[in-house]
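**Q**
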Amino acid sequence: KAGVTQTPRYLIKTRGQQVTLSCSPISGHRSVSWYQQTPGQGLQFLFEYFSETQRNKGNFPGRFSGRQFSNSRSEMNVSTLELGDSALYLCASSFDADTQYFGPGTRLTVL
Amino acid sequence: AQSVSQHNHHVILSEAASLELGCNYSYGGTVNLFWYVQYPGQHLQLLLKYFSGDPLVKGIKGFEAEFIKSKFSFNLRKPSVQWSDTAEYFCATEPANGGATNKLIFGTGTLLAVQP
């Protein structure tokens, strides 16, 4: 069974730009969660989507948004990028509310 | 607010030594508890989890953890570490509310280095 895949793996943007990250869950999984990992703040929950609806949300500003498609693939968007948005963005999938399986992450660098 | 504390930020052990990594959480309700591991250059992987039942949970690669509700702790143990256990270990929790919620709160991680 293929694991969680994330594209792109690496991304460089400049301040003020926007970015879209993609996550394809494990086949059959309906829930996709997003996390931000930084050296200073560690791993922080961004949001979770289930059946195309946002089911849980963390404490991030509105510049961070996401969506989920009917095939369970999810995208995360960050608008008006700031230097502090540089991080590893992890996606995790699960069938429903149970064990989450993580992808390799997208490394975003904001210059 | 819910939080997770991992008191050991960096641990260095020799092969065959015993391991115990501390994890404490703060939350007023029922929680699910997890330990994840991140080997160098690899994804986060689930080591073990506790949802309910026997508080002593066994995971992959010889790891186990014990949930002690009175101490709000979920410490990770392994009787004899190997060089291949070198990795970063994350404790995580989520509100249970009758099941999992997929909103994990992670600790800051413990970097384990095992010397051959």
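Protein chains in written order, with the working numbering: chain A, 1089 to 1199; chain B, 36 to 151.
Built from N, CA and C at the ideal position, the CB exists for glycine as well.
Everything numeric in this text was worked out from a predicted model, so none of it was measured.
So, with DSSP's three-state summary, where would you put leucine 1171 of chain A?
**A** Three-state DSSP puts leucine 1171 of chain A in a helix.
**Q** Does DSSP put glycine 1191 of chain A in a helix, a strand or coil?
**A** coil
**Q** Can you tell me where the beta strand (DSSP E) with asparagine 1144 of chain A in it begins and where it stops?
**A** 1141-1145
**Q** Quick one, which of A:Glu1170, A:Phe1138, A:Gly1116, A:Val1198 has its alpha-carbon nearest tryptophan 1122 of chain A's?
**A** A:Phe1138
**Q** Is asparagine 1165 of chain A buried or exposed, if buried means 16 or more other CB atoms sit within 10 Å of its CB?
**A** Note on asparagine 1165 of chain A: under 16 other CB atoms within 10 angstroms of its CB, so exposed under the neighbour-count rule.
**Q** Could you name each continuous alpha helix (DSSP H) segment of 4 residues or more that falls completely within the region 73-140 of chain B, going from the start of the chain to the end?
**A** List check, alpha helix (DSSP H) in window: nothing returned.
**Q** Classify asparagine 1165 of chain A as helix, strand or coil using the three-state DSSP reduction.
**A** strand
**Q** What would DSSP say about valine 1092 of chain A, mapped onto helix, strand or coil?
**A** coil
**Q** Taking only beta-carbon positions, decide if asparagine 110 of chain B is within less than 7 Å of chain A.
**A** no
**Q** Quick one: list the residues of chain B neighbouring serine 1119 of chain A, beta-carbon separation under 9 Å, in chain order.
**A** Asn137
**Q** Mind checking serine 1182 of chain A: buried by the 16 CB within 10 Å criterion, or exposed?
**A** buried
**Q** Based on the DSSP output, what are the partners of alanine 148 of chain B in its beta bridges?
**A** B:Ile47
**Q** With a 10 Å radius around its C-beta and 16 neighbouring C-beta atoms as the bar for buried, classify proline 1149 of chain A as buried or exposed.
**A** exposed
**Q** On the DSSP letters alone, give me the boundaries of the beta strand (DSSP E) that asparagine 1111 of chain A sits inside.
**A** Note that residue 1111 of chain A corresponds to cysteine in the displayed sequence, not to asparagine. Run containing cysteine 1111 of chain A: 1107-1112, per the beta strand (DSSP E) assignment.
**Q** Contact criterion: CB-CB distance below 7 Å. Does phenylalanine 141 of chain B meet it with respect to chain A?
**A** yes
**Q** Using 7 Å as the limit for Cβ to Cβ distance, is histidine 78 of chain B near chain A?
**A** yes
**Q** Please confirm whether arginine 1103 of chain A and leucine 1176 of chain A have their CB atoms less than 7 Å apart.
**A** No, the pair does not count as a contact, with Cβ atoms beyond the cut-off.
**Q** Compare the C-beta of leucine 81 of chain B with all C-beta atoms of chain A and state if any pair is closer than 7 Å.
**A** yes
**Q** Is the beta carbon of leucine 83 of chain B closer than 7 Å to that of tryptophan 70 of chain B?
**A** A contact, by the Cβ cut-off of 7 Å.
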